[in-house]
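In what follows, a single structure is set out as structure tokens and then discussed.
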Amino acid sequence: MPQAEKHARPTHKPGSIEGSTLSCSTDQARRHALQTAFDYRGDVTLELAQGKKVVGFVYRYDENPGVVYLYIPQGKDSVPETLPAKDVTAVHFTGEDPAFGKSWDDWTTKAEKERVKEAERLAREAVARGEL
Numbered sequence: 001m002p003q004a005e006k007h008a009r010p011t012h013k014p015g016s017i018e019g020s021t022l023s024c025s026t027d028q029a030r031r032h033a034l035q036t037a038f039d040y041r042g043d044v045t046l047e048l049a050q051g052k053k054v055v056g057f058v059y060r061y062d063e064n065p066g067v068v069y070l071y072i073p074q075g076k077d078s079v080p081e082t083l084p085a086k087d088v089t090a091v092h093f094t095g096e097d098p099a100f101g102k103s104w105d106d107w108t109t110k111a112e113k114e115r116v117k118e119a120e121r122l123a124r125e126a127v128a129r130g131e132l
């Protein structure tokens, strides 16, 4: 396999949309793709009708009037940009989803361990004061 093809191949994590592409061939597909891009927690590449590609983080999508708001990385900063939704022909989920795999169960398990540790600390302090 040529090196260019290796690097172009997206990596796909099971259960994640990272590395996938949603086509915007119809208005309904475009709405779905842009709403999914908004819900995604990583950067996306928006392919535009003019052949241009824009990489950024979609922080807002207004279906009516059809506007996509995204932050475009420029060095250490990000610059906000607004694009007409009708210009988007495809959404590529190119950036890593930093929250993928972190579930509610993981959070509750960690919180329970912290709660038990805090209860033990408070009990030790109460014993030291002679209250227990």
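Using UniProt numbering, the first residue of the sequence shown is number 1, and each one after it goes up by one.
Just so it is clear, CB atoms sit at the ideal spot from N, CA and C, and this is done for glycine as well.
Values in this document were obtained by computation on a predicted structure and should not be read as measured data.
Throw me the rounded Cβ distance for the residue i and residue j pair, which I believe falls under 8 Å.
i: ALA44; j: PHE93; result: Rather than Ala, the amino acid found at residue 44 in this sequence is Val. Contact flag correct, Cβ pair sits at about 6 Å.
i: VAL91; j: THR26; result: About 14 Å separates the two Cβ atoms, so there is no contact after all.
i: VAL88; j: LEU46; result: 5 Å
i: ILE17; j: TYR40; result: 7 Å
i: LEU34; j: ALA111; result: So it is not a contact: roughly 34 Å between Cβ atoms.
i: ARG68; j: VAL58; result: Note that residue 68 is Val in the sequence shown, not Arg. About 6 Å separates the two Cβ atoms, so the contact holds.
i: GLY42; j: GLU96; result: 5 Å
Please state the DSSP three-state secondary structure of residue i.
i: LEU132; result: coil
i: THR94; result: coil
i: GLU63; result: coil
i: ARG9; result: Residue confidence is low: ARG9 scores 40 on pLDDT, short of 50, so the model does not pin down where it sits. Its coordinate-derived value is still stated next. Of the three classes helix, strand and coil, the one that applies to ARG9 here is coil, per DSSP.
i: GLU18; result: coil
i: GLN74; result: strand
i: THR82; result: strand
i: ALA49; result: coil
Is it right to say residue i is buried, meaning 16 or more other beta carbons lie within 10 angstroms of its own, or is it exposed?
i: residue 137; result: Residue 137 cannot be examined here, being either before or after the span of the chain that is shown, 1 to 132.
i: GLY130; result: exposed
i: residue 142; result: Here the chain has residues from 1 to 132 only, and residue 142 is not among them.
i: ARG115; result: exposed
In the DSSP output, which residue or residues are listed as bridge partners for residue i?
i: SER23; result: ALA90
i: GLY56; result: VAL44
i: VAL68; result: TYR61 and LEU83
Say the cut is 7 Å; is the CB of residue i nearer than that to a heavy atom of the ligand FMN?
i: THR89; result: Judged by which ligands are present, the structure shown has none, so any question about the ligand FMN falls away.
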